[in-house]
Amino acid sequence: MHASPRNIIEKIWDQHVVARLEGEQALLHVDRVFLHDRAGPRVLAGVEEAGHRVAHPELVFGTMDHIVDTQPGRGDDTLVQGGRGFIQAFRAATQRSGIRLFDLGNPRQGIAHVISPELGIALPGTTLVCCDSHTCTVGGIGALAWGIGTTEGEHAVATQCLVRSKPKTMRVSFRGSAAPGVSAKDMALALIGRFGVSGGDGHAIEFAGEAVRALDVEGRLTLCNMAVEFGAWTGLVAPDARTVEWLAGRPFAPSGAAWEAAVTDWLALRSDDDARWDKELELDCAELVPQVTWGTHPGQVVGIDATVPVPADADAERALRYMDLRPAQPLLGTPIDAAFIGSCTNSRLPDLRAAAQVVRGRRVRPGVKAIVVPGSTSVKHAAEAEGLDRVFTEAGFEWRESGCSLCFFAGGDNFDQPGKSGRRVITSTNRNFEGRQGPGVRSHLASPATVAASAIAGCIADPRPLLR
1 MHASPRNIIE
11 KIWDQHVVAR
21 LEGEQALLHV
31 DRVFLHDRAG
41 PRVLAGVEEA
51 GHRVAHPELV
61 FGTMDHIVDT
71 QPGRGDDTLV
81 QGGRGFIQAF
91 RAATQRSGIR
101 LFDLGNPRQG
111 IAHVISPELG
121 IALPGTTLVC
131 CDSHTCTVGG
141 IGALAWGIGT
151 TEGEHAVATQ
161 CLVRSKPKTM
171 RVSFRGSAAP
181 GVSAKDMALA
191 LIGRFGVSGG
201 DGHAIEFAGE
211 AVRALDVEGR
221 LTLCNMAVEF
231 GAWTGLVAPD
241 ARTVEWLAGR
251 PFAPSGAAWE
261 AAVTDWLALR
271 SDDDARWDKE
281 LELDCAELVP
291 QVTWGTHPGQ
301 VVGIDATVPV
311 PADADAERAL
321 RYMDLRPAQP
331 LLGTPIDAAF
341 IGSCTNSRLP
351 DLRAAAQVVR
361 GRRVRPGVKA
371 IVVPGSTSVK
381 HAAEAEGLDR
391 VFTEAGFEWR
401 ESGCSLCFFA
411 GGDNFDQPGK
421 SGRRVITSTN
431 RNFEGRQGPG
441 VRSHLASPAT
451 VAASAIAGCI
461 ADPRPLLR
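One point on numbering: in UniProt numbering, the residue at position 249 of the sequence shown is 249, and numbering is uninterrupted.
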(Lines of atoms letter the chains of each structure in order from A and count residues from 1; the text may use other names and numbers.)
(Lines give C-alpha, C1' and ligand atoms only; values in the text may rest on other atoms or scores of the structure.)
Protein backbone atom coordinates (compact mmCIF):
# COMPACT_ATOMS: atom_id res chain seq x y z
CA MET A 1 0.00 0.00 0.00
CA HIS A 2 1.14 3.55 -0.76
CA ALA A 3 -0.16 6.12 1.71
CA SER A 4 1.36 9.11 -0.08
CA PRO A 5 -0.17 10.44 -3.31
CA ARG A 6 1.56 9.38 -6.52
CA ASN A 7 1.55 10.46 -10.12
CA ILE A 8 0.90 8.00 -12.95
CA ILE A 9 4.59 7.52 -13.72
CA GLU A 10 5.36 6.58 -10.12
CA LYS A 11 2.44 4.15 -10.11
CA ILE A 12 3.58 2.30 -13.23
CA TRP A 13 7.18 2.31 -11.98
CA ASP A 14 6.24 0.87 -8.59
CA GLN A 15 4.16 -1.89 -10.22
CA HIS A 16 7.22 -3.05 -12.17
CA VAL A 17 9.94 -2.98 -9.50
CA VAL A 18 11.38 -6.48 -9.07
CA ALA A 19 14.08 -5.38 -6.62
CA ARG A 20 15.20 -2.05 -5.21
CA LEU A 21 18.92 -1.48 -5.63
CA GLU A 22 21.37 1.12 -4.44
CA GLY A 23 20.15 4.71 -4.42
CA GLU A 24 17.32 5.37 -6.85
CA GLN A 25 18.11 2.32 -8.97
CA ALA A 26 15.72 -0.57 -9.36
CA LEU A 27 15.49 -3.79 -11.30
CA LEU A 28 12.38 -3.34 -13.45
CA HIS A 29 10.30 -5.97 -15.17
CA VAL A 30 9.88 -5.23 -18.88
CA ASP A 31 6.50 -6.35 -20.21
CA ARG A 32 7.34 -6.13 -23.92
CA VAL A 33 10.53 -5.89 -25.98
CA PHE A 34 10.41 -4.73 -29.59
CA LEU A 35 13.26 -5.37 -32.02
CA HIS A 36 13.77 -4.08 -35.55
CA ASP A 37 15.90 -4.98 -38.54
CA ARG A 38 18.67 -2.48 -37.81
CA ALA A 39 19.44 -3.32 -34.16
CA GLY A 40 17.66 -6.66 -33.78
CA PRO A 41 20.35 -8.77 -35.49
CA ARG A 42 23.01 -7.38 -33.14
CA VAL A 43 20.87 -7.93 -30.05
CA LEU A 44 20.06 -11.55 -30.87
CA ALA A 45 23.61 -12.32 -32.02
CA GLY A 46 24.94 -10.95 -28.71
CA VAL A 47 22.58 -13.16 -26.73
CA GLU A 48 23.58 -16.24 -28.72
CA GLU A 49 27.32 -15.49 -28.51
CA ALA A 50 27.04 -15.16 -24.71
CA GLY A 51 25.43 -18.59 -24.52
CA HIS A 52 22.07 -17.22 -23.37
CA ARG A 53 18.55 -17.69 -24.69
CA VAL A 54 15.60 -15.38 -25.09
CA ALA A 55 13.87 -15.71 -21.72
CA HIS A 56 10.30 -15.12 -22.86
CA PRO A 57 9.98 -15.19 -26.65
CA GLU A 58 6.24 -14.66 -26.32
CA LEU A 59 6.98 -11.17 -24.92
CA VAL A 60 9.49 -10.19 -27.61
CA PHE A 61 8.40 -8.96 -31.03
CA GLY A 62 10.25 -8.01 -34.18
CA THR A 63 9.46 -5.98 -37.27
CA MET A 64 11.13 -4.99 -40.52
CA ASP A 65 11.08 -1.21 -40.66
CA HIS A 66 14.38 0.70 -40.46
CA ILE A 67 16.33 -0.39 -43.52
CA VAL A 68 13.73 -2.06 -45.70
CA ASP A 69 12.93 -0.61 -49.10
CA THR A 70 9.53 1.11 -49.32
CA GLN A 71 9.09 1.01 -53.09
CA PRO A 72 6.14 -1.06 -54.36
CA GLY A 73 7.05 -4.68 -55.07
CA ARG A 74 9.90 -4.66 -52.57
CA GLY A 75 11.83 -7.68 -51.36
CA ASP A 76 14.92 -8.16 -49.22
CA ASP A 77 17.04 -5.95 -51.48
CA THR A 78 17.55 -2.42 -50.20
CA LEU A 79 19.65 0.60 -51.10
CA VAL A 80 21.29 0.53 -47.65
CA GLN A 81 24.74 -1.03 -47.93
CA GLY A 82 24.60 -4.48 -46.32
CA GLY A 83 20.87 -4.07 -45.76
CA ARG A 84 19.90 -7.38 -47.37
CA GLY A 85 22.26 -9.18 -44.99
CA PHE A 86 20.75 -7.43 -41.95
CA ILE A 87 17.22 -8.32 -43.05
CA GLN A 88 18.03 -11.97 -43.64
CA ALA A 89 20.11 -12.28 -40.46
CA PHE A 90 17.26 -10.82 -38.41
CA ARG A 91 14.73 -13.17 -39.98
CA ALA A 92 16.91 -16.20 -39.25
CA ALA A 93 17.65 -15.09 -35.67
CA THR A 94 13.97 -14.59 -34.83
CA GLN A 95 13.20 -18.05 -36.17
CA ARG A 96 15.91 -19.61 -34.00
CA SER A 97 14.70 -17.70 -30.94
CA GLY A 98 11.00 -18.30 -31.42
CA ILE A 99 10.28 -14.57 -31.59
CA ARG A 100 7.22 -13.39 -33.51
CA LEU A 101 8.39 -11.38 -36.53
CA PHE A 102 6.20 -9.06 -38.58
CA ASP A 103 8.11 -9.69 -41.77
CA LEU A 104 7.88 -8.18 -45.23
CA GLY A 105 4.59 -9.32 -46.73
CA ASN A 106 2.96 -9.73 -43.32
CA PRO A 107 -0.19 -7.57 -43.08
CA ARG A 108 0.89 -6.58 -39.55
CA GLN A 109 4.34 -5.28 -40.61
CA GLY A 110 5.17 -1.65 -39.99
CA ILE A 111 7.22 0.83 -37.99
CA ALA A 112 7.74 -0.54 -34.47
CA HIS A 113 6.23 2.48 -32.72
CA VAL A 114 3.21 2.45 -35.01
CA ILE A 115 2.38 -1.25 -34.80
CA SER A 116 3.10 -1.85 -31.10
CA PRO A 117 0.01 0.12 -30.00
CA GLU A 118 -1.89 -0.60 -33.22
CA LEU A 119 -1.71 -4.35 -32.54
CA GLY A 120 -2.41 -4.03 -28.81
CA ILE A 121 1.09 -5.22 -27.90
CA ALA A 122 1.68 -2.01 -25.95
CA LEU A 123 -1.11 -1.44 -23.44
CA PRO A 124 -1.84 1.12 -20.72
CA GLY A 125 0.27 0.60 -17.62
CA THR A 126 2.75 -1.71 -19.33
CA THR A 127 6.48 -1.20 -19.78
CA LEU A 128 7.98 -1.51 -23.25
CA VAL A 129 11.49 -1.03 -24.61
CA CYS A 130 12.96 -0.93 -28.10
CA CYS A 131 16.40 -0.09 -29.48
CA ASP A 132 15.21 3.25 -30.81
CA SER A 133 15.01 6.66 -29.17
CA HIS A 134 11.41 7.25 -30.25
CA THR A 135 10.03 4.31 -28.29
CA CYS A 136 8.47 6.98 -26.06
CA THR A 137 5.81 7.27 -28.80
CA VAL A 138 3.72 4.48 -27.29
CA GLY A 139 3.25 6.53 -24.14
CA GLY A 140 0.31 7.93 -26.06
CA ILE A 141 -1.80 4.97 -24.90
CA GLY A 142 -0.55 5.20 -21.31
CA ALA A 143 2.45 2.85 -21.44
CA LEU A 144 5.83 3.59 -19.86
CA ALA A 145 8.13 3.10 -22.84
CA TRP A 146 11.70 4.12 -23.53
CA GLY A 147 14.53 3.62 -25.98
CA ILE A 148 17.56 1.49 -25.17
CA GLY A 149 20.87 0.53 -26.79
CA THR A 150 21.78 -2.90 -28.12
CA THR A 151 23.59 -3.94 -24.92
CA GLU A 152 20.50 -3.21 -22.85
CA GLY A 153 18.51 -4.94 -25.57
CA GLU A 154 20.51 -8.11 -24.93
CA HIS A 155 19.79 -7.85 -21.19
CA ALA A 156 16.10 -7.24 -21.84
CA VAL A 157 15.55 -10.29 -24.05
CA ALA A 158 17.75 -12.55 -21.90
CA THR A 159 16.18 -11.61 -18.55
CA GLN A 160 12.97 -9.64 -19.29
CA CYS A 161 14.33 -7.08 -16.80
CA LEU A 162 16.47 -3.92 -16.87
CA VAL A 163 18.21 -1.82 -14.23
CA ARG A 164 17.07 1.80 -14.30
CA SER A 165 17.37 4.84 -12.09
CA LYS A 166 14.00 6.23 -11.09
CA PRO A 167 13.37 9.28 -13.26
CA LYS A 168 12.35 12.71 -12.13
CA THR A 169 8.80 13.49 -13.19
CA MET A 170 7.21 16.42 -14.96
CA ARG A 171 3.69 17.41 -15.90
CA VAL A 172 3.22 19.44 -19.06
CA SER A 173 -0.28 20.90 -19.33
CA PHE A 174 -1.60 22.13 -22.67
CA ARG A 175 -4.36 24.60 -21.82
CA GLY A 176 -7.21 25.82 -23.99
CA SER A 177 -8.37 24.45 -27.31
CA ALA A 178 -6.28 24.21 -30.45
CA ALA A 179 -7.83 25.86 -33.50
CA PRO A 180 -8.71 23.92 -36.67
CA GLY A 181 -5.57 23.23 -38.69
CA VAL A 182 -3.41 23.05 -35.56
CA SER A 183 -2.31 19.50 -34.78
CA ALA A 184 -0.53 17.53 -32.08
CA LYS A 185 2.68 18.00 -34.09
CA ASP A 186 2.24 21.76 -33.86
CA MET A 187 1.65 21.50 -30.11
CA ALA A 188 4.85 19.48 -29.68
CA LEU A 189 6.96 21.82 -31.81
CA ALA A 190 5.58 24.87 -30.00
CA LEU A 191 6.48 23.30 -26.65
CA ILE A 192 10.03 22.57 -27.77
CA GLY A 193 10.37 26.03 -29.29
CA ARG A 194 9.16 27.69 -26.09
CA PHE A 195 11.22 25.72 -23.55
CA GLY A 196 14.08 24.38 -25.67
CA VAL A 197 15.40 20.97 -26.70
CA SER A 198 16.62 20.43 -23.13
CA GLY A 199 13.35 21.51 -21.53
CA GLY A 200 12.47 17.93 -20.65
CA ASP A 201 15.75 17.57 -18.77
CA GLY A 202 15.69 13.76 -18.62
CA HIS A 203 12.29 13.68 -16.91
CA ALA A 204 9.42 11.29 -17.47
CA ILE A 205 6.56 13.52 -18.57
CA GLU A 206 2.82 13.24 -18.28
CA PHE A 207 1.16 15.33 -20.98
CA ALA A 208 -2.13 16.67 -19.66
CA GLY A 209 -4.65 19.47 -20.04
CA GLU A 210 -7.75 20.15 -22.10
CA ALA A 211 -5.93 20.23 -25.44
CA VAL A 212 -4.37 16.82 -24.82
CA ARG A 213 -7.68 15.27 -23.78
CA ALA A 214 -9.18 16.58 -27.02
CA LEU A 215 -6.58 14.75 -29.12
CA ASP A 216 -7.39 11.42 -30.70
CA VAL A 217 -5.10 8.56 -29.71
CA GLU A 218 -2.99 9.00 -32.84
CA GLY A 219 -2.41 12.64 -31.89
CA ARG A 220 -1.34 11.60 -28.41
CA LEU A 221 1.14 9.15 -29.96
CA THR A 222 2.55 12.02 -32.04
CA LEU A 223 2.89 14.22 -28.96
CA CYS A 224 4.72 11.51 -27.01
CA ASN A 225 6.92 10.74 -30.01
CA MET A 226 8.39 14.23 -29.73
CA ALA A 227 9.13 13.92 -25.99
CA VAL A 228 12.69 12.78 -26.66
CA GLU A 229 13.21 15.85 -28.89
CA PHE A 230 12.26 17.88 -25.82
CA GLY A 231 15.10 16.22 -23.90
CA ALA A 232 12.76 13.97 -21.90
CA TRP A 233 13.41 10.36 -20.95
CA THR A 234 9.88 9.49 -21.99
CA GLY A 235 6.36 10.87 -22.12
CA LEU A 236 2.86 9.51 -21.69
CA VAL A 237 -0.80 10.42 -21.63
CA ALA A 238 -3.08 8.86 -19.01
CA PRO A 239 -5.54 6.38 -20.54
CA ASP A 240 -9.21 7.32 -20.72
CA ALA A 241 -12.39 6.17 -22.44
CA ARG A 242 -11.00 7.27 -25.80
CA THR A 243 -7.96 5.02 -25.25
CA VAL A 244 -10.15 2.07 -24.30
CA GLU A 245 -12.34 2.48 -27.38
CA TRP A 246 -9.24 2.69 -29.60
CA LEU A 247 -7.70 -0.49 -28.15
CA ALA A 248 -10.87 -2.58 -28.27
CA GLY A 249 -10.49 -5.57 -30.58
CA ARG A 250 -6.76 -5.11 -31.22
CA PRO A 251 -5.14 -8.49 -32.01
CA PHE A 252 -2.95 -8.73 -28.89
CA ALA A 253 -5.25 -6.87 -26.49
CA PRO A 254 -7.08 -8.88 -23.80
CA SER A 255 -10.53 -10.24 -24.57
CA GLY A 256 -13.55 -11.44 -22.65
CA ALA A 257 -13.33 -11.23 -18.86
CA ALA A 258 -9.65 -10.28 -19.08
CA TRP A 259 -10.61 -7.26 -21.20
CA GLU A 260 -13.20 -6.11 -18.67
CA ALA A 261 -10.69 -6.42 -15.83
CA ALA A 262 -8.05 -4.58 -17.85
CA VAL A 263 -10.41 -1.71 -18.67
CA THR A 264 -11.22 -1.27 -14.98
CA ASP A 265 -7.51 -1.05 -14.19
CA TRP A 266 -6.75 1.29 -17.08
CA LEU A 267 -9.47 3.78 -16.24
CA ALA A 268 -8.19 3.89 -12.64
CA LEU A 269 -4.63 4.55 -13.84
CA ARG A 270 -4.23 8.28 -13.34
CA SER A 271 -2.26 10.69 -11.23
CA ASP A 272 -3.69 11.36 -7.79
CA ASP A 273 -5.18 14.84 -7.46
CA ASP A 274 -2.53 15.88 -4.95
CA ALA A 275 0.37 14.08 -6.63
CA ARG A 276 3.68 15.91 -6.69
CA TRP A 277 5.94 16.59 -9.64
CA ASP A 278 9.57 17.59 -9.81
CA LYS A 279 8.64 20.17 -12.42
CA GLU A 280 5.50 21.54 -14.06
CA LEU A 281 5.11 23.48 -17.33
CA GLU A 282 2.12 24.96 -19.12
CA LEU A 283 1.46 26.02 -22.70
CA ASP A 284 -1.65 27.85 -23.89
CA CYS A 285 -2.95 26.44 -27.17
CA ALA A 286 -5.61 29.09 -27.78
CA GLU A 287 -3.41 31.26 -30.01
CA LEU A 288 -1.29 28.45 -31.45
CA VAL A 289 -0.73 28.40 -35.22
CA PRO A 290 0.86 25.74 -37.44
CA GLN A 291 4.58 25.46 -36.71
CA VAL A 292 7.58 24.98 -38.99
CA THR A 293 11.26 24.70 -38.13
CA TRP A 294 13.79 27.08 -39.62
CA GLY A 295 17.00 25.55 -38.22
CA THR A 296 18.74 22.26 -37.60
CA HIS A 297 17.04 21.03 -34.44
CA PRO A 298 13.35 20.90 -33.46
CA GLY A 299 13.69 23.80 -31.03
CA GLN A 300 14.54 26.19 -33.86
CA VAL A 301 10.91 26.66 -34.78
CA VAL A 302 8.38 29.46 -35.26
CA GLY A 303 4.76 29.91 -36.20
CA ILE A 304 4.27 29.50 -39.92
CA ASP A 305 3.37 33.16 -40.37
CA ALA A 306 6.50 34.37 -38.55
CA THR A 307 9.90 35.33 -39.90
CA VAL A 308 13.27 33.70 -39.35
CA PRO A 309 14.63 35.06 -36.05
CA VAL A 310 17.89 36.94 -35.61
CA PRO A 311 20.42 34.31 -34.47
CA ALA A 312 21.04 34.47 -30.73
CA ASP A 313 24.21 32.36 -30.68
CA ALA A 314 26.81 30.61 -32.83
CA ASP A 315 24.65 27.48 -33.16
CA ALA A 316 21.80 29.51 -34.63
CA GLU A 317 24.20 31.28 -37.01
CA ARG A 318 25.51 27.92 -38.19
CA ALA A 319 21.94 26.66 -38.62
CA LEU A 320 21.03 29.64 -40.81
CA ARG A 321 24.10 29.09 -42.98
CA TYR A 322 23.29 25.41 -43.40
CA MET A 323 19.63 26.11 -44.14
CA ASP A 324 20.52 29.01 -46.46
CA LEU A 325 18.12 31.37 -44.72
CA ARG A 326 18.52 34.93 -43.50
CA PRO A 327 17.15 36.75 -40.43
CA ALA A 328 13.73 38.40 -40.89
CA GLN A 329 13.02 36.26 -43.96
CA PRO A 330 9.42 34.99 -44.04
CA LEU A 331 9.20 31.20 -44.03
CA LEU A 332 5.97 31.32 -46.00
CA GLY A 333 6.84 31.20 -49.66
CA THR A 334 10.27 29.60 -49.22
CA PRO A 335 10.64 27.26 -52.24
CA ILE A 336 10.94 23.52 -51.56
CA ASP A 337 12.28 20.62 -53.60
CA ALA A 338 10.52 17.78 -51.81
CA ALA A 339 7.75 16.93 -49.35
CA PHE A 340 7.59 13.82 -47.17
CA ILE A 341 4.68 12.46 -45.13
CA GLY A 342 5.61 9.48 -42.98
CA SER A 343 7.68 8.24 -39.99
CA CYS A 344 6.72 7.08 -36.50
CA THR A 345 5.67 10.69 -35.81
CA ASN A 346 2.99 11.24 -38.43
CA SER A 347 2.12 8.25 -40.61
CA ARG A 348 -1.12 7.00 -39.07
CA LEU A 349 -4.54 7.04 -40.67
CA PRO A 350 -5.70 10.43 -39.24
CA ASP A 351 -2.40 11.96 -40.42
CA LEU A 352 -3.02 10.70 -43.94
CA ARG A 353 -6.64 11.87 -43.83
CA ALA A 354 -5.53 15.37 -42.77
CA ALA A 355 -3.02 15.55 -45.61
CA ALA A 356 -5.51 14.15 -48.13
CA GLN A 357 -8.05 16.79 -47.13
CA VAL A 358 -5.54 19.42 -48.25
CA VAL A 359 -4.47 17.57 -51.39
CA ARG A 360 -7.86 16.44 -52.73
CA GLY A 361 -8.55 17.86 -56.17
CA ARG A 362 -5.19 19.63 -56.37
CA ARG A 363 -1.81 18.90 -57.95
CA VAL A 364 1.72 18.81 -56.59
CA ARG A 365 3.75 21.71 -57.92
CA PRO A 366 5.94 20.64 -60.89
CA GLY A 367 9.50 19.99 -59.76
CA VAL A 368 8.52 18.94 -56.23
CA LYS A 369 9.17 15.31 -55.25
CA ALA A 370 6.27 14.35 -52.96
CA ILE A 371 6.12 11.04 -51.10
CA VAL A 372 3.71 9.38 -48.68
CA VAL A 373 4.87 6.36 -46.65
CA PRO A 374 2.21 4.83 -44.37
CA GLY A 375 3.45 3.78 -40.94
CA SER A 376 2.15 0.24 -41.20
CA THR A 377 0.74 -2.14 -43.76
CA SER A 378 -2.53 -2.01 -41.83
CA VAL A 379 -2.63 1.79 -42.14
CA LYS A 380 -1.81 1.47 -45.84
CA HIS A 381 -4.66 -0.96 -46.42
CA ALA A 382 -7.11 1.16 -44.40
CA ALA A 383 -6.11 4.28 -46.34
CA GLU A 384 -6.53 2.44 -49.63
CA ALA A 385 -9.98 1.25 -48.55
CA GLU A 386 -10.91 4.93 -48.12
CA GLY A 387 -9.40 5.88 -51.47
CA LEU A 388 -6.69 8.04 -49.94
CA ASP A 389 -4.00 6.44 -52.08
CA ARG A 390 -5.81 7.66 -55.19
CA VAL A 391 -6.13 11.15 -53.75
CA PHE A 392 -2.37 11.27 -53.31
CA THR A 393 -1.32 9.59 -56.55
CA GLU A 394 -3.74 11.64 -58.67
CA ALA A 395 -2.19 14.75 -57.11
CA GLY A 396 1.33 13.57 -58.00
CA PHE A 397 2.53 11.98 -54.75
CA GLU A 398 4.36 8.67 -54.62
CA TRP A 399 2.43 6.09 -52.57
CA ARG A 400 4.77 3.59 -50.94
CA GLU A 401 4.95 0.53 -48.70
CA SER A 402 5.30 0.98 -44.94
CA GLY A 403 8.62 1.58 -43.19
CA CYS A 404 10.86 4.26 -41.71
CA SER A 405 11.93 5.24 -45.23
CA LEU A 406 13.14 8.81 -45.73
CA CYS A 407 12.94 9.81 -42.07
CA PHE A 408 16.69 9.29 -41.87
CA PHE A 409 19.66 8.66 -44.14
CA ALA A 410 21.50 5.38 -43.59
CA GLY A 411 23.30 5.25 -46.90
CA GLY A 412 20.20 4.32 -48.87
CA ASP A 413 17.15 6.24 -50.08
CA ASN A 414 17.48 10.00 -49.58
CA PHE A 415 16.50 13.37 -51.02
CA ASP A 416 19.95 14.27 -52.29
CA GLN A 417 20.21 14.67 -56.03
CA PRO A 418 23.44 14.32 -58.02
CA GLY A 419 24.54 17.68 -59.31
CA LYS A 420 22.23 19.62 -56.98
CA SER A 421 23.26 20.27 -53.39
CA GLY A 422 21.13 21.71 -50.61
CA ARG A 423 17.79 20.14 -51.47
CA ARG A 424 15.05 21.67 -49.31
CA VAL A 425 12.49 19.26 -47.86
CA ILE A 426 9.41 19.84 -45.73
CA THR A 427 8.75 16.74 -43.69
CA SER A 428 6.38 15.31 -41.09
CA THR A 429 9.27 13.56 -39.32
CA ASN A 430 10.83 14.36 -35.93
CA ARG A 431 14.44 15.40 -36.60
CA ASN A 432 15.90 18.07 -38.84
CA PHE A 433 19.60 17.69 -38.04
CA GLU A 434 22.20 18.44 -40.69
CA GLY A 435 22.20 15.61 -43.22
CA ARG A 436 19.37 13.75 -41.47
CA GLN A 437 17.56 13.07 -44.75
CA GLY A 438 20.64 12.96 -46.96
CA PRO A 439 23.96 14.77 -47.44
CA GLY A 440 23.35 18.51 -47.52
CA VAL A 441 19.56 18.14 -47.36
CA ARG A 442 17.76 20.98 -45.55
CA SER A 443 14.79 19.67 -43.59
CA HIS A 444 11.84 21.69 -42.24
CA LEU A 445 9.65 19.87 -39.70
CA ALA A 446 5.90 20.42 -39.88
CA SER A 447 2.54 18.67 -39.60
CA PRO A 448 1.21 16.42 -42.38
CA ALA A 449 -1.30 19.10 -43.39
CA THR A 450 1.44 21.72 -43.67
CA VAL A 451 3.63 19.32 -45.66
CA ALA A 452 0.72 18.62 -48.02
CA ALA A 453 -0.08 22.31 -48.51
CA SER A 454 3.57 23.03 -49.22
CA ALA A 455 3.78 20.24 -51.80
CA ILE A 456 0.84 21.80 -53.64
CA ALA A 457 2.23 25.33 -53.45
CA GLY A 458 5.84 24.38 -54.20
CA CYS A 459 6.91 26.40 -51.19
CA ILE A 460 6.30 26.46 -47.44
CA ALA A 461 2.58 27.12 -47.14
CA ASP A 462 -0.11 27.49 -44.48
CA PRO A 463 -2.60 24.60 -44.69
CA ARG A 464 -5.47 26.47 -43.06
CA PRO A 465 -6.80 28.24 -46.19
CA LEU A 466 -6.96 24.86 -47.95
CA LEU A 467 -8.93 23.30 -45.08
CA ARG A 468 -11.78 25.81 -45.19
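C-beta atoms are modelled at their ideal positions from N, C-alpha and C, and glycine is treated no differently.
In this text, all values refer to a predicted model and were calculated from it rather than measured experimentally.
Item: L267: which of D278, A248 and P239 sits nearest, CA to CA?; Value: P239
Item: Measure the C-alpha to C-alpha separation of L119 and R20 and round it to an integer number of angstroms.; Value: 32 Å
Item: Can you check whether the CB of D337 is closer than 7 Å to the CB of R424?; Value: yes
Item: In the structure shown, what three-state DSSP assignment does S378 receive?; Value: helix
Item: When burial is assigned at 16 or more other CB atoms within 10 Å of the CB, is D305 buried or exposed?; Value: exposed
Item: Can you tell me whether DSSP reads Q25 as helix, strand or coil?; Value: strand
Item: For A232 and W146, I'd like the C-alpha separation in whole angstroms.; Value: 10 Å
Item: How would you write the range of the alpha helix (DSSP H) that M323 sits in, first residue to last?; Value: A314 to M323
Item: Determine the burial state of V310: buried for a count of at least 16 other Cβ atoms within 10 Å of its Cβ, exposed for fewer.; Value: exposed
Item: Confirm, please, whether the CB-CB distance from A449 to P465 is below 7 Å.; Value: no
Item: Is C136 closer than 7 Å to V228 when the C-beta atoms are compared?; Value: yes
Item: For the beta strand (DSSP E) that contains T127, what are its first and last residues?; Value: T127 to C130
Item: Would you say M170 and I192 are within 7 Å of each other, going by their C-beta atoms?; Value: no
Item: Let me check understanding here. Comparing Cα to Cα, which of V379, G176 and A39 lies closest to P107?; Value: V379
Item: Looking only at its own chain, which residues have a Cβ that is under 7 Å from the Cβ of C407, when we skip the five neighbours before and after it?; Value: G342, S343 and T429
Item: So what's L189 in DSSP terms, helix, strand or just coil?; Value: helix
Item: Since Q291 sits in a beta bridge, which residues does DSSP pair it with?; Value: G303
Item: Applying the 10 Å Cβ sphere with the 16-neighbour rule, what's the burial state of T126?; Value: buried
Item: Going by alpha carbons, who is nearest to A382 out of L128, N414, T393 and R348?; Value: R348
Item: On the three-pair Cβ rule with 8 Å, is the stretch 13-27 touching the stretch 148-164?; Value: yes
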